[in-house]
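Note sheet for the following structure.
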């Protein structure tokens with residue numbers, strides 16, 4: 023007998039076995055959406071859960087995503103969908119699983135996972151050259167709402183995550199982006215769900231695009247999203263930064279990093295995305311360019 | 023009539039069509055090896071060439087890799103192999119292709135590509151917060167040899183690439199790593215081949231592991247390698263840095279960045295890899311840890 027999941031994220035990422043060992047049923051939750059479309063990190067998390075289940079026979083201890091790379095081929099709608107899994111390799115310390123999220127016979131997202139065991143004690147010793155993010159105390163930060171008066175769209179996932187952004191990075195909301203191409207904030211689940219490896223896969227893609235800190239732009243569709251889970255976070259909200267490193271030819275990259283309350287870098291993501299800034303230019307028209 | 027390729031890299035990445043439109047023949051070149059095993063970036067470059075050929079009908083202008091993520095499942099031997107391609111999506115500005123490198127019926131590497139057109143003029147306007155790498159002038163740098171007296175192994179690819187490392191980062195060769203977890207140098211093809219997007223995929227994985235700058239370790243096998251090609255480089259050697267950001271639980275990440283002579287960041291890679299440092303510890307025993 024399994025206890026019904028208590029948290030929104032667990033309900034929304036429920037993965038159900040079928041008669042076919044490599045096929046799983048899911049329901050894409052309308053609550054994990056931005057502008058009516060399912061959030062990319064949420065879709066990776068659902069697939070990651072299926073990947074762990076796909077290894078139940080071949081590598082039962084490899085339940086946690088250590089690395090994932092997702093390719094977004096089509097945007098699925100809220101509602102029923104399937105995940106097909108292919109175990110590429112069942113290894114000793116890590117295994118690889120490819121997943122396809124399919125709706126109405128169409129592959130919407132293909133994600134490949136490196137699976138392993140992300141242990142709480144994995145980093146009894148660790149090293150990093152990345153300093154823990156400096157940002158304003160959480161109580162001085164601004165919680166991003168799911169809807170704002172006058173806004174043309176809803177950010178439904180902001181009811182699921184509690185994202186509090188550093189006031190210093192909110193110039194873009196007044197039409198005055200700071201021009202650093204970076205956004206910082208505190209992030210956690212709105213209903214207090216503890217943050218585990220699957221939760222990290224979702225949270226790593228829950229920030230607004232960092233390009234808003236450069237210039238106004240249209241939709242920033244992800245081409246490819248890679249995430250690394252480095253450690254199980256200590257309890258509490260994560261410090262997170264999303265930053266753009268290069269804007270070139272209508273393409274941007276974004277790096278996302280998350281530190282837990284102990285100052286440990288627990289997760290990293292990098293993505294390549296398309297962008298069209300206002301005025302039809304391929305680079306931010308108002309940003310203080312380092313070069314050009 | 024095609025002119026025979028003149029450069030080593032073009033010969034080594036030759037991809038031959040077969041009667042099957044989704045199957046290509048290749049020959050894994052013994053010259054692009056480290057410790058007798060084919061270099062990971064070289065294998066991605068071969069697959070990337072096949073991915074471009076696989077789009078000849080559906081998206082003929084999408085010949086260049088914009089992004090790639092490779093999963094290494096088994097190490098292929100030099101000699102004949104096949105690449106099977108699956109076009110996941112043929113889009114307007116970008117397409118996605120999955121490739122499987124197969125030898126003796128076994129999938130050795132699975133790589134998924136975002137393909138497009140990396141134009142020389144793509145970045146008439148561009149922005150970056152990443153400053154071009156500062157390193158010693160090329161003539162003061164040290165060319166990494168393919169074999170060294172007393173060394174237990176050959177770095178065969180160092181005859182194919184001309185990698186000149188900054189003397190400040192060579193302490194590890196004397197048993198005195200600087201402890202920054204970073205290596206800098208100038209890189210180009212040894213035979214003067216111009217650097218194009220396929221060449222970038224290879225060069226992004228040609229550096230030694232940055233962990234040598236922390237502590238002595240064994241082999242550092244890549245679990246997952248993602249690369250982004252951002253622009254066509256101007257002629258000449260690239261400035262490149264390979265750096266470790268986090269060592270945790272026997273797993274490291276490494277970021278690699280390449281700038282061309284104009285100061286433009288033309289390529290980026292990130293990888294997750296396993297590492298075992300000397301003395302059996304999970305973190306570098308002698309490195310100046312930021313934490314712990």
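Residue numbers (our numbering), protein chains in the order written: chain A, 23 to 314; chain B, 23 to 314.
Here a beta-carbon is modelled for each residue, glycine too, at the ideal position from N, C-alpha and C.
A contact is defined here as three or more CB-CB pairs under 8 Å, and the segment 149-157 of chain A fails this definition with respect to the segment 31-40 of chain A. Residue state for residue 72/A is assigned as helix, using DSSP reduced to three classes.
Between residue 224/B and residue 64/B, the CB-CB gap stays under 8 Å. Residue 249/B and residue 266/B have their C-alpha atoms spaced approximately 16 Å apart. The three-state secondary structure of residue 254/A, taken from DSSP, is coil. A distance below 8 Å separates the beta carbons of residue 300/A and residue 238/A.
In terms of CA proximity to residue 66/A, 107/A leads the group 28/A, 83/A, 57/A, 107/A.
Shown in chain order are the members of the segment 85-110 of chain A whose Cβ falls below 8 Å from a Cβ of chain B: 88, 89, 91, 93, 95, 96, 110. In the DSSP assignment, residue 211/B forms a beta bridge with 183/B. Around the beta carbon of residue 211/A, 16 or more other beta carbons lie within 10 angstroms, which makes this residue buried. Shown here, residue 29/B sits in coil according to DSSP, grouped into three states, outside any helix or strand. Under the Cβ distance rule, residue 115/B counts among the residues neighbouring chain A, one pair being separated by less than 8 Å.
Against chain A, the beta carbon of residue 45/B has no neighbour under 9 Å; the closest one sits roughly 19 Å away. For residue 206/B, the closest Cβ of chain A is not nearer than 8 Å. Around the beta carbon of residue 169/A, fewer than 16 other beta carbons sit within 10 angstroms, so the residue counts as exposed.
Going by DSSP, residue 229/A is part of no beta strand (DSSP E) at all; its letter is neither H nor E.
For residue 122/B, the beta-bridge partners assigned by DSSP are 106/B, 132/B.
The C-beta separation of residue 140/B from residue 253/B comes to about 7 Å, placing the pair in contact by the 8 Å criterion. At a cut-off of 8 Å between beta carbons, residue 227/B makes no contact with chain A.
Burial state of residue 208/B is buried, judged by a 10 Å Cβ sphere holding 16 or more other Cβ atoms.
Interface residue (Cβ-Cβ distance to chain A less than 8 Å): residue 253/B is classified as such. Interface with chain A (8 Å Cβ-Cβ cutoff): residue 239/B is excluded. Take the alpha-carbon of residue 44/B and the one of residue 131/B: they are about 16 Å apart. The segment 92-101 of chain A makes contact with the segment 49-59 of chain A; the number of CB pairs closer than 8 Å reaches 3 or more. A Cβ of chain A is located within less than 8 Å of the beta carbon of residue 296/B. Ranked by how close their Cα comes to the Cα of residue 125/B, the residues 39/B, 295/B, 263/B, 47/B have 47/B in first place.
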